[in-house]
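Structure, as structure tokens:
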Ligand code: SAH
Ligand code: SF4
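Numbering (the working numbering), first residue to last: 3 to 374.
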């Protein structure tokens, strides 16, 4: 059977070569060719013996997901749509900003967790993405951006940050997510700082503990409500892992996290979770957890039961948090003209359900989140 080498991290490649009687350093060589130089052609891997290159050609392949579309907005935001087979498509978005570039990537086609304000959730779950499909979004984005030739010696990186905030729940696809994260951090691959790679979760408590132990990167948690009653409605996984357990898991995570705070994401839903009294309840709830807040103006989708909070309400909610000394940012909208802002991304090409007509992907645009 042909192995897709993009499915393997350093440990996986070492085992692959050992299984074929090859030395461990072959893994490092191939890792560098694949993920530092973006080389998919074994024939071009010139420091590998020709006989092994020929063998690799019959044993293995390099198969990233195919780019179906690649659009650039007026503000430079760039949206990629990938075919992941079986009528499924997922998206990534590149967000260039002064001093950094962030790629927001997907981990599942669809999502099973069914948050009531989320278009991806409303589509239901199709399947987990493979490691090759997760890391392949970064691989392909680097190709499209010409990033393999960048001057990394100066510390200039076109993609300096990665956020797992696209379609799907990364911690519901933990094994593949962890392997992809290891590739992002590996100095022989992408060499990203753990502080510049952020996983966003709706709060799968046992998987948060595993992520902490297996590959602690920066953590964002989708809170969205200041009490269990409301969160049970908005984020149904809360019925299984209620706030008390979730916040305890956040504190455990911080013991090993590369940053000394958790980012709480909070979608602003008009008349649902955006009152001053709820901001104060939120402060009391999170008192014990070093945190920052990122308010996300709700992005409606066809059939959604919510409205976005008015701007003055979002500003006032942020003020209550800020007055209590908690760093709070409000997510900006980017890439309007190509539907690349939070909640606007859609896999129009291959949407199978026709229920919402959209697939949604969310961008992390909080400057403090991923750049310091
Ligand atoms: N499954 C993960 C990561 C993907 S969703 C999670 O839930 O954290 C990324 C962020 O977008 C989450 O905070 C999510 O709650 C938010 N989001 C989902 N639907 C949204 C919408 N319609 N408008 C604004 N933000 C939304
Ligand atoms: Fe899944 Fe996240 Fe959407 Fe909830 S918000 S349905 S966990 S993708």
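Yeah, the Cβ is synthetic: ideal placement off N, Cα and C, and Gly gets one too.
In this structure, the C-beta of residue 106 stays at least 7 Å away from each heavy atom of ligand 2.
When 202, 110 and 134 are compared, the shortest CA-CA separation from residue 167 is found for 202.
Relative to ligand 2, the beta carbon of residue 211 is positioned no closer than 7 Å to any heavy atom. C-alpha of residue 43 to C-alpha of residue 36: approximately 9 Å in a straight line. Taken in chain order, the whole alpha helix (DSSP H) runs of length 4 or more contained in the segment 180–263 are 207–217, 230–236 and 245–256. The alpha-carbon separation between residue 284 and residue 277 amounts to approximately 11 Å. When the Cα atoms are used, residue 105 and residue 93 turn out to be separated by approximately 11 Å.
DSSP places residue 93 in no alpha helix (DSSP H) but in the uninterrupted beta strand (DSSP E) bounded by 91–99.
Sixteen is the threshold: when 16 or more other Cβ atoms of the shown chains lie within 10 Å of the Cβ of residue 81, as they do, the residue is buried.
Within the same chain, 85 come within 6 Å of residue 68 by CB-CB distance, once the 5 residues on both sides are set aside. In the three-state DSSP reduction, residue 316 falls in the helix class (H, G or I). The shortest C-alpha to C-alpha distance from residue 275 to any of 298, 213, 141 and 257 is the one to 298. Sixteen is the threshold: when 16 or more other Cβ atoms of the shown chains lie within 10 Å of the Cβ of residue 11, as they do, the residue is buried. Among the bridge pairs identified by DSSP, residue 158 is matched with none. The set of residues whose C-beta lies within less than 5 Å of a heavy atom of ligand 2 reads, in chain order, 113, 115, 117, 120, 122, 123, 171 and 204. In the three-state scheme derived from DSSP, where H, G and I count as helix and E and B as strand, residue 34 is classed as helix. Ligand 1 never approaches residue 164 closely enough for any of its heavy atoms to be under 7 Å from the residue's Cβ.
With contacts defined as CB atoms closer than 8 Å, residue 108 and residue 170 qualify as a contacting pair. With respect to the C-alpha of residue 34, the residue from 286, 265, 7 and 332 having the closest C-alpha is 7. If you check the CB distance, residue 128 and residue 178 do not come in under 8 Å. Taking a cut-off of 8 Å on C-beta distances, the segment 181–195 touches the segment 126–142, as three or more cross pairs fall below it. Taking residue 173 as the centre and dropping the five residues before and after it, the same chain places the C-beta of 203, 206 and 209 closer than 6 Å to its C-beta, in chain order. The alpha-carbon separation between residue 77 and residue 332 amounts to approximately 19 Å.
For residue 298, there is no enclosing alpha helix (DSSP H); the residue is part of the beta strand (DSSP E) that begins and ends at 293–299.
In terms of Cβ geometry, residue 223 and residue 181 do not form a close pair [threshold 8 Å]. Checking the DSSP bridge columns, you'll see residue 106 partnered with 95 and 165.
Burial check for residue 314: the Cβ neighbour count within 10 Å stays below 16, so the residue is exposed. Spanning the alpha carbons of residue 263 and residue 256 requires a straight line of approximately 7 Å. The residue among 46, 324, 17 and 40 with its C-alpha nearest the C-alpha of residue 192 is 40.
Beta-bridge partners of residue 19 (DSSP): none assigned. DSSP, read as helix, strand or coil, puts residue 60 in helix. Here residue 311 has 270, 272 and 276 as same chain residues with Cβ atoms under 6 Å from its own Cβ, once five neighbours each way along the sequence are excluded.
CA-CA distance, residue 71 to residue 294, rounds to 35 Å. The beta carbon of residue 251 sits closer than 7 Å to those of 207, 210 and 211, all from its chain and outside the five residues before and after it, given in chain order.
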